[in-house]
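There are 2 protein chains.
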Amino acid sequence: MVAGPTSIGPGKERLRLWIRLLRASRTIEAELRERLKKEFDTTLPRFDVMAALYRSPEGMLMSDLSRFLLVSNGNVTGIVDRLVSEGLVTRARRNGDRRTSMVRLTEEGSKSFAAIAAAHENWVGELLGTVSEDEARRLTGMLKSFRSNWEGRE
Amino acid sequence: MVAGPTSIGPGKERLRLWIRLLRASRTIEAELRERLKKEFDTTLPRFDVMAALYRSPEGMLMSDLSRFLLVSNGNVTGIVDRLVSEGLVTRARRNGDRRTSMVRLTEEGSKSFAAIAAAHENWVGELLGTVSEDEARRLTGMLKSFRSNWEGRE
DNA sequence: GGCGATTATTTCAAGCTTGAAGTTTCGTAA
DNA sequence: TTACGAAACTTCAAGCTTGAAATAATCGCC
Numbered sequence: 001m002v003a004g005p006t007s008i009g010p011g012k013e014r015l016r017l018w019i020r021l022l023r024a025s026r027t028i029e030a031e032l033r034e035r036l037k038k039e040f041d042t043t044l045p046r047f048d049v050m051a052a053l054y055r056s057p058e059g060m061l062m063s064d065l066s067r068f069l070l071v072s073n074g075n076v077t078g079i080v081d082r083l084v085s086e087g088l089v090t091r092a093r094r095n096g097d098r099r100t101s102m103v104r105l106t107e108e109g110s111k112s113f114a115a116i117a118a119a120h121e122n123w124v125g126e127l128l129g130t131v132s133e134d135e136a137r138r139l140t141g142m143l144k145s146f147r148s149n150w151e152g153r154e
Numbered sequence: 001m002v003a004g005p006t007s008i009g010p011g012k013e014r015l016r017l018w019i020r021l022l023r024a025s026r027t028i029e030a031e032l033r034e035r036l037k038k039e040f041d042t043t044l045p046r047f048d049v050m051a052a053l054y055r056s057p058e059g060m061l062m063s064d065l066s067r068f069l070l071v072s073n074g075n076v077t078g079i080v081d082r083l084v085s086e087g088l089v090t091r092a093r094r095n096g097d098r099r100t101s102m103v104r105l106t107e108e109g110s111k112s113f114a115a116i117a118a119a120h121e122n123w124v125g126e127l128l129g130t131v132s133e134d135e136a137r138r139l140t141g142m143l144k145s146f147r148s149n150w151e152g153r154e
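Chains as they are written, first to last, in my numbering: chain Z, 1 to 154; chain E, 1 to 154.
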């Protein structure tokens with residue numbers, strides 16, 4: 001999804017937009033991935049899961065994580081498995097519904113995430129440095145109105 | 001990279017923007033991936049490679065593809081391998097420099113891509129339907145000015 | 001209570017992705 | 001011309017990702 005338009009037609013500007021959008025996010029994502037690896041020896045998916053859990057001290061179900069992060073159930077299983085084996089999160093079986101388990105950050109996971117998140121925010125600020133805060137607000141607004149047509153779909 | 005901000009600070013709007021950007025592109029990408037699979041039994045990476053080759057009838061080197069698509073060399077090798085085995089592209093050894101090979105769409109690959117690309121453009125038009133062509137132009141402009149600071153970096 | 005449908009999760013195969021290490025070929029300088 | 005460093009590419013291990021199939025527990029209806 002990174003190639004240029006191959007024809008010109010009515011949706012031309014939208015196709016251009018999509019290609020720009022994709023190239024921008026891929027570029028930023030690649031840079032963040034690399035820094036996470038180099039500076040903290042972790043990955044973006046692990047960071048995503050930890051970020052979600054950090055916002056929910058009470059914990060999240062696997063399916064909550066899957067829905068929130070926009071990835072499949074099976075995917076979350078693997079990432080959480082690795083985080084558990086690293087001692088960063090726990091899976092607690094629940095009495096109420098034994099099909100589910102509550103996933104939470106450990107003390108260590110929480111400390112670890114806080115440090116990474118601080119660096120992460122700085123990196124994003126740096127990488128988007130050429131976008132003014134005001135412009136960022138406007139762009140966000142446009143993207144938000146688009147997203148609202150898709151949020152929570154299917 | 002899909003979680004919300006975990007702190008409020010100077011780069012707050014940029015972080016918000018990044019999260020929106022990422023969620024938007026993930027959502028669109030997931031939808032396109034699914035349709036490519038269902039309708040044409042292909043994948044996004046294959047589509048990307050074919051799109052690049054379609055623009056270059058004279059062919060591209062593996063490293064050209066890698067650079068253009070923003071993915072690693074080894075990655076391109078695997079995708080091209082699969083396209084070759086499907087008869088959609090060819091790898092032609094070159095007399096000039098025998099380290100390299102020219103990758104080209106086959107006749108079948110070219111026909112196949114044209115059909116997929118038409119559907120793809122319609123899908124993008126549909127998925128970005130809530131963004132007016134004019135708004136699309138403005139958004140693209142903003143993203144372009146951002147990208148120019150990164151294009152061809154490192 | 002029993003049982004079929006539903007829900008939550010895991011498992012699995014196939015493919016994508018990277019970064020590092022390995023192979024082959026090229027260019028060039030002694 | 002030979003040797004060495006660079007360039008183009010492939011191979012590989014590890015991890016991410018999906019979608020489909022399997023497992024297990026719960027729910028609702030009789």
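For every residue, glycine included, the Cβ atom is placed at its ideal position computed from N, Cα and C.
Restricting attention to Z/GLY87, Z/LEU127 and Z/ALA24, the CA atom closest to the CA of E/GLY11 is found in Z/LEU127. With respect to chain E, the C-beta atom of Z/THR27 has a partner C-beta closer than 9 angstroms. In the three-state reduction of the DSSP assignment, E/ARG137 falls in the helix class, which pools H, G and I. Counting the other Cβ atoms within 10 Å of the Cβ of Z/ALA115 gives fewer than 16, which makes it exposed. By alpha-carbon distance to Z/VAL76, the top candidate from Z/LEU17, Z/LEU21 and Z/SER63 is Z/SER63. Separation of the CB atoms of E/SER112 and E/LEU88 is rounded to 6 angstroms, and the pair is thereby assigned contact status at 8 angstroms. When DSSP states are grouped into helix, strand and coil, E/VAL49 belongs to the helix group. Under a criterion of Cβ atoms nearer than 8 angstroms, the residues of chain E adjacent to Z/THR140 are, in order, GLU13, ARG16, LEU17 and ARG20.
Within chain E, GLY11, ARG14, LEU15 and TRP18 have C-beta atoms less than 8 angstroms from the C-beta of Z/VAL124, given in sequence order.
Using a Cβ-Cβ distance cut-off of 8 angstroms, the stretch 131-143 of chain E and the stretch 52-71 of chain E are not in contact, since fewer than three pairs of beta carbons, one from each stretch, lie closer than that value.
Around E/ARG16, the same chain offers no residue with a beta carbon nearer than 6 angstroms, after the five sequence neighbours per side are excluded. For E/GLY87, no CB of chain Z lies under 9 angstroms from its own CB, so it is not counted at the interface with that chain. Contacts with chain E at 9 angstroms (Cβ-Cβ) do not include Z/ASP64.
Close partners of Z/VAL80 in chain E (Cβ separation under 8 angstroms) are lacking, with about 15 angstroms as the shortest Cβ gap.
Of the residues assessed, E/GLY109 falls on the buried side of the cut-off, its CB having 16 or more other CB atoms within 10 angstroms. E/VAL80: not part of any beta strand (DSSP E); member of the alpha helix (DSSP H) spanning 73-85, first to last residue.
With respect to the C-alpha of E/GLU58, the residue from E/LEU32, E/HIS120, E/ARG14 and E/THR106 having the closest C-alpha is E/THR106. Taking C-beta atoms as the reference points, Z/MET60 and Z/ARG104 count as a pair closer than 9 angstroms. If you look at Z/VAL124, you'll find it isn't in any beta strand (DSSP E); it sits in the alpha helix (DSSP H) that goes 107-127.
Under the three-state reduction of DSSP output, Z/THR90 falls in the strand class.
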